[in-house]
Amino acid sequence: MAIMEHDSAVSFRHRPAVAEFSPDDLERMRAVVAELAAALGQIDPATLSPEARPRFERAWLASKHLTRLVDGDSRDGKAAEKPRPVDAGADIAATDLPDLTSYRVLLAVQDVRQQDLVGRMLTDLGGRYELAASGDAAMRLFSSGSFDLAIVDAELTGVSGSDVVGAIRGRAPGRGRIPILALCPESASGLSRAMREAGADFTLATPFHGFAAFAGALAGILEGAAETETLPDRLVLDFERYDRLMEIAGEDGAAELLERLLEDLRQVERGLERALSEQNPAEIRTQTHVLIALAGAVGADALQRLTETLNGAAHRRTVAGMTSLGRQTLRQLAHLIAFVAEENEARN
Numbered sequence: 020m021a022i023m024e025h026d027s028a029v030s031f032r033h034r035p036a037v038a039e040f041s042p043d044d045l046e047r048m049r050a051v052v053a054e055l056a057a058a059l060g061q062i063d064p065a066t067l068s069p070e071a072r073p074r075f076e077r078a079w080l081a082s083k084h085l086t087r088l089v090d091g092d093s094r095d096g097k098a099a100e101k102p103r104p105v106d107a108g109a110d111i112a113a114t115d116l117p118d119l120t121s122y123r124v125l126l127a128v129q130d131v132r133q134q135d136l137v138g139r140m141l142t143d144l145g146g147r148y149e150l151a152a153s154g155d156a157a158m159r160l161f162s163s164g165s166f167d168l169a170i171v172d173a174e175l176t177g178v179s180g181s182d183v184v185g186a187i188r189g190r191a192p193g194r195g196r197i198p199i200l201a202l203c204p205e206s207a208s209g210l211s212r213a214m215r216e217a218g219a220d221f222t223l224a225t226p227f228h229g230f231a232a233f234a235g236a237l238a239g240i241l242e243g244a245a246e247t248e249t250l251p252d253r254l255v256l257d258f259e260r261y262d263r264l265m266e267i268a269g270e271d272g273a274a275e276l277l278e279r280l281l282e283d284l285r286q287v288e289r290g291l292e293r294a295l296s297e298q299n300p301a302e303i304r305t306q307t308h309v310l311i312a313l314a315g316a317v318g319a320d321a322l323q324r325l326t327e328t329l330n331g332a333a334h335r336r337t338v339a340g341m342t343s344l345g346r347q348t349l350r351q352l353a354h355l356i357a358f359v360a361e362e363n364e365a366r367n
């Protein structure tokens, strides 16, 4: 079993005092930092060379550290007012990073390069992690201690990633429900679904599309961990309206309608998973527009309202909101897909 523990080189607990600066100085500093974050936000990491991308991501992270330092607590203990970004809609990078200081993270990843990449990101965010390079190692490591967060690869040898997630979720309530981020190959939608069904809070497609996607996914599930789910973890459907739709379509028409509906829902699920993994607001809005129409047509009003809220978060480009709402939307969408698939099979 490969076990490693890393301590962060950056601690947000010991920040330099900023109260010594005058209000005007602080305001100018805030403006400069906000402008820097907005400028970095205009750069698409996907367009950079493999050599340039890590340098860009560290510059992006440094800008967030500067934001936190400038917005640090004053000596009287009151939090300083946070500045508005130069362009509030300019970029996801203007949102807050998750602070993992004091977090103990279980990192269950098999690929060596991915171990290094995710490990460095966790360290940059202030966390300590312990590494398990296989499913068996992850099970032993989790049994031996208490963790605040788990990042689990879907493609683990030995015990599968979904079984690892299921085992974590199956622990006694006294251990507490820890947030779980699942890593899944972009092309393996089946693995992604299996990880969510096992209890993962969110699935992030690999390979990563920049630091923003990883930090945004963590921010979303950590924010959502303390929230009450707005919808139960089951299908919420107006069955009377659904039955009327089937009656109007007729026997032959209903079968064709269900087959087409199932195909559309699965296509939206794939597109939304990809868009959330990439933290792509434009694509999230595209997929949610389609899902809003589909959900409303069959009587899934709760899913429709949830998707409208997700659309709003994408419009505002709030990473944590997109991730948290996206997780709930995909869960409800999975229930609807399962129902339509059963209905389709029964009529064919």
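Residue 297 in my numbering sits at position 278 of the sequence shown, with consecutive numbering throughout.
No residue lacks a Cβ here, since even glycine has one placed at the ideal position from N, Cα and C.
Query raised in the report: Bridge partners of Leu284, per DSSP?
Result: Under DSSP, no beta-bridge partner is assigned to Leu284.
Report task. Provide the residue span of the beta strand (DSSP E) that contains Phe161, from first to last. Result -> No beta strand (DSSP E) holds Phe161; the alpha helix (DSSP H) holding it covers Gly154 to Ser163.
Query raised in the report: Which term fits Glu70, buried or exposed, when burial requires 16 or more other beta carbons within 10 angstroms of its beta carbon?
Result: By the neighbour-count rule (16 or more Cβ atoms within 10 Å), Glu70 is not buried but exposed.
Query raised in the report: Is the beta carbon of Ala152 sitting closer than 7 Å to the one on Gln129?
Result: In contact: Ala152 and Gln129 (Cβ atoms closer than 7 Å).
Query raised in the report: For Arg215, does the count of other Cβ atoms within 10 angstroms reach 16, so buried, or fall short, so exposed?
Result: A residue is called buried once 16 or more other Cβ atoms fall within 10 Å of its Cβ, and Arg215 is buried on that count.
Report task. Name the residue from Leu256, Arg47 and Glu275 whose alpha carbon lies nearest to the alpha carbon of Phe358. Result -> Minimum Cα distance to Phe358 is reached at Leu256.
**Report entry** Separation of Phe230 from Ala332, as counted between CA atoms
**Finding:** Using only the alpha carbons, I get a separation of about 20 Å.
Requested in this report: Figure out for me which residue from Gly189, Ser179 and Arg190 has the closest Cα to the Cα of Leu202.
Outcome: Ranking Gly189, Ser179 and Arg190 by Cα distance to Leu202 puts Ser179 first.
Query raised in the report: Could you give the distance in angstroms between the alpha-carbon of Ala353 and the alpha-carbon of Ile267?
Result: If you take the alpha carbons of Ala353 and Ile267, they lie about 25 Å apart.
Report task. Drop a sphere of 10 angstroms on the beta-carbon of Asp172, count the other beta-carbons inside from all chains shown, and report buried for 16 or more, exposed for fewer. Result -> Buried.
Requested in this report: Would you list the one or two residues that DSSP bridges to Val359?
Outcome: Per DSSP, none; premise fails for Val359.
Query raised in the report: Which residue or residues does DSSP assign as beta-bridge partners of Ile170?
Result: Bridge partners of Ile170: Leu126 and Leu200.
Requested in this report: Identify which residue in Thr142, Pro198, Arg147 and Asp220 has its Cα closest to the Cα of Leu295.
Outcome: Comparing C-alpha distances from Leu295 to each of Thr142, Pro198, Arg147 and Asp220 shows the shortest one belongs to Asp220.
Query raised in the report: Do Leu277 and Asn330 have their C-beta atoms closer together than 7 Å?
Result: Contact flag unset, no.
Query - For Leu352, the three-state DSSP class (helix, strand or coil) - result: Helix at Leu352.
**Report entry** Alpha carbon of Ala217 to alpha carbon of Val184, nearest angstrom
**Finding:** Near 6 Å, if we compare the C-alpha coordinates of Val184 and Ala217.
Requested in this report: Can you give me the Cβ contacts of Ala360 inside the same chain, cut-off strictly under 7 Å, excluding the 5 residues immediately before and after it?
Outcome: Contacts found: Leu281.
**Report entry** As assigned by DSSP and simplified to three states, the class of Glu70
**Finding:** In the structure shown, Glu70 sits in coil (DSSP, three-state: anything other than H, G, I, E or B).
Report task. State the CB to CB distance for the pair Leu210 and Ala236, rounded to an integer number of angstroms; the pair is presumed to be in contact (CB under 8 Å). Result -> Incorrect: roughly 16 Å between the Cβ atoms, too far for contact.
Query raised in the report: CB-CB under 6 Å to Ala273, same chain, minus the five flanking residues each way: which ones, in chain order?
Result: Excluding residues up to 5 positions away in sequence, Met265 lie with their Cβ nearer than 6 Å to the Cβ of Ala273 in the same chain.
Query raised in the report: Helix, strand or coil for Arg49 per DSSP?
Result: In the structure shown, Arg49 sits in a helix (DSSP, three-state: H, G or I).
Query - Helix, strand or coil at Gly193 [DSSP, three-state] - result: Here Gly193 scores only 40 on pLDDT, less than 50, and its place in the model is too uncertain to base an answer on.
Query raised in the report: CA-CA distance, Ala365 and Glu288?
Result: C-alpha separation (whole angstroms): 22 Å.
Requested in this report: Within the same chain, show all residues whose beta-carbon is closer than 6 Å to that of Thr348, passing over the 5 residues directly before and after it, in chain order.
Outcome: So the list reads Leu325, Thr326 and Leu329, once near-sequence residues are dropped.
Query - Close-in-space but distant-in-sequence residues of the same chain around Leu141 (CB under 6 Å, 5 per side omitted) - result: If we look at Leu141 and ignore the five residues flanking it on each side, its Cβ neighbours are Val124 and Tyr148.
Requested in this report: Please check the pair Thr342 and Gly239, which I expect to be a contact at CB under 8 Å, by giving their CB distance rounded to whole angstroms.
Outcome: Right, their Cβ atoms sit about 2 Å apart.
Query raised in the report: If you drop the 5 nearest sequence neighbours on each side, which residues of the same chain put their C-beta closer than 7 Å to that of Gly315?
Result: Shown here for Gly315: same chain residues with a beta carbon closer than 7 Å to its own, the five before and five after excluded, namely Gln323 in chain order.
Query - Through-space distance from Ala186 to Gly177, alpha-carbon basis - result: Computed Cα separation, rounded: 14 Å.
Query raised in the report: Where does Glu149 fall in DSSP's three states?
Result: In the structure shown, Glu149 sits in a strand (DSSP, three-state: E or B).
**Report entry** Identity of the residue in Ser163, Thr225, Gly318 and Arg212 nearest Tyr261 by Cα
**Finding:** For Tyr261, the nearest C-alpha among the options comes from Gly318.
Query - Where the beta strand (DSSP E) containing Leu319 begins and where it ends - result: Strictly speaking, residue 319 in this sequence is Ala, with Leu absent from that position. Counting along the chain, Ala319 falls outside any beta strand (DSSP E), and DSSP gives it neither H nor E.
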